[in-house]
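What follows is a single structure, written as structure tokens, with notes after it.
Protein chains: 2
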Amino acid sequence: MPATSKAKPAPAGRGRRAVRASGDERERAILETAERLLEERPLSEISVDDLARGAGISRPTFYFYFPSKDAVVLTIIDRLVAAAAGSREEALATMAEGELRAALRQALTDLYGAFRSRRAVTLAAAELRMRNPEARELWSQVMEGWVADVTAVIEAERARGAAPAGQPARDLAIALVQMNERVQYAAFTGESPSLDEERVIDVLVDIWLRAIYGTAEPS
Amino acid sequence: MPATSKAKPAPAGRGRRAVRASGDERERAILETAERLLEERPLSEISVDDLARGAGISRPTFYFYFPSKDAVVLTIIDRLVAAAAGSREEALATMAEGELRAALRQALTDLYGAFRSRRAVTLAAAELRMRNPEARELWSQVMEGWVADVTAVIEAERARGAAPAGQPARDLAIALVQMNERVQYAAFTGESPSLDEERVIDVLVDIWLRAIYGTAEPS
DNA sequence: AACTTTATCAACACTGTGTCGAGTTGGTCA
DNA sequence: TGACCAACTCGACACAGTGTTGATAAAGTT
């Protein structure tokens, strides 16, 4: 049973423990080592041994603190996701009261910033999602949160006559949110083709506005 | 040196060989086994041993035909990508002469169909891209091809006055193409949130048209 | 019939994961 | 204070997977 709870005193949700003693700083050391190594190379090229050594402990001792490498990264992603959720709520609060164009830009900028400031972790999350159901579930919740909020905004704009009818609001929201995810990911990795980091927001905001407020009639 | 050419007679590009004898059918058996197993489970859960046994040979013999598991999948992806490129050129030919709305829908439908009909391979490609530079490069070329074509279409539409000015055509094309990739991937995996398979095309076409022909002015 | 090429696989070397059990250490309370 | 317990540590092991080596067989080629 990989990547599931199984630590010695193991009570908590994922794989982290609830210890209090000096082990607390060991746990932190492991998390910090993981973040540091992720700046250098992808998750797939980091071993449990790398994490243990980086934290100054032996490999078996690592397993006292985390049930697997994945659990470490999941813990780190948890925190990133929580921060991003904060950005989102804040941004949405602004958006609730008119001046949508500027508010939308602000919202996308904040979210983009939240992930860009932890680029390495964001990339690791994408990698982990490919093979870890728990990571998939966590990311899924993040996306659902965004989609729900964006859906509400679109429906409100349509209700007050500011936006024309069109595809179901939720479908539109899903596509737009997924576009953001992919475009941002590409910009972070620098793959080609990808948008320049400074152009990401301009392009995304433009497409969002056109998708929400425009109609689909060519000349 | 994993995933690079290294087979016995090894001349060709990647890791496939140029054998002619009875080994030809072994090679095909390996490729077929890979495709079959990918329908059942992700690439990360398929071992070289699985492929060898599936093809009725021992593991060392597998290495006579392919230098690694990745090389097998790369060969399969190559073919998918070639087929998709065919769809694209065909679709673009239609698009070159007016009636853009219908032509665009047709183009996106064909492309979507090309990948949906080989869903398992498409998903494996996404997984492999995460950790294999060669897969990344291959996919990159596919995306660049699309972006180049779409950029040309947008510029042509702007030149003939059918589409308004806006973000640089290439930037717009990158975001739209990446949106398609992500939305399609999500629909294939059935993750949540994701668009229903029957709704994908409608939603994407709508956003493309609005992004290309609309303006970004809210009411 | 010598020789080469193609094909095959048992056995090996290596890397990485996760577990077991035998410790050590520091605090607590009888 | 000393018996005890929980937190903590790690050497040694069992396993799974990858890729290589070398010996061998079977099919052409000259």
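Taken in sequence, the protein lines are chains A and B.
Numbering (this note's numbering) for the first sequence: 1 to 219.
Numbering (this note's numbering) for the second sequence: 220 to 438.
Ideal Cβ placement from N, Cα and C applies to all residues, glycine included.
Assignment of alpha helix (DSSP H) within the region 64-145 of chain A, counting only whole runs of 4 or more residues, yields 69-95, 100-116, 119-129 in chain order.
Per DSSP, ARG272 of chain B is one residue of the alpha helix (DSSP H) stretching across 267-273. Comparing alpha carbon positions, the residue from A:PRO168, A:ALA175, A:ARG118, A:GLU157 closest to MET143 of chain A is A:ALA175.
Around the CB of SER413 of chain B, 16 or more other CB atoms lie within 10 Å, so the residue is classed as buried. Under a 10 Å Cβ-count criterion, GLN397 of chain B is classified as buried, with 16 or more other Cβ atoms of the shown protein chains found around its own Cβ. Of the residues A:ASP110, A:LEU172, A:ILE30, A:VAL150, the one whose Cα lies closest to the Cα of THR75 of chain A is A:ILE30.
Minimum Cα-Cα distance from ALA333 of chain B among the listed residues B:GLU251, B:GLN403, B:ILE431 corresponds to B:GLN403. Fewer than three Cβ pairs drawn from the region 297-306 of chain B and the region 275-282 of chain B lie within less than 8 Å of each other, which leaves the two stretches out of contact. In this structure, the alpha-carbon of THR370 of chain B lies about 22 Å from that of THR189 of chain A. Annotation: Cβ neighbours of GLN386 of chain B in chain A (cutoff 7 Å, chain order): ASP202, VAL203, ASP206. Shown here for ARG119 of chain A: same chain residues with a beta carbon closer than 7 Å to its own, the five before and five after excluded, namely PHE188 in chain order. Between ARG136 of chain A and GLU410 of chain B, the C-beta gap is smaller than 8 Å, which places the two residues in contact. At a cut-off of 8 Å between beta carbons, ILE174 of chain A contacts chain B. Against chain B, the CB of ARG131 of chain A has a partner CB under 8 Å away; the residue lies at that interface. Judged by DSSP in its simplified three-state form, ILE276 of chain B adopts coil rather than helix or strand. At a cut-off of 8 Å between beta-carbon atoms, ARG278 of chain B makes no contact with chain A.
Listed along the chain, the chain A residues whose CB falls inside 7 Å of the CB of ASP289 of chain B amount to none; the nearest CB is some 12 Å away. ASP289 of chain B counts as buried, since no fewer than 16 other beta carbons sit within 10 angstroms of its beta carbon.
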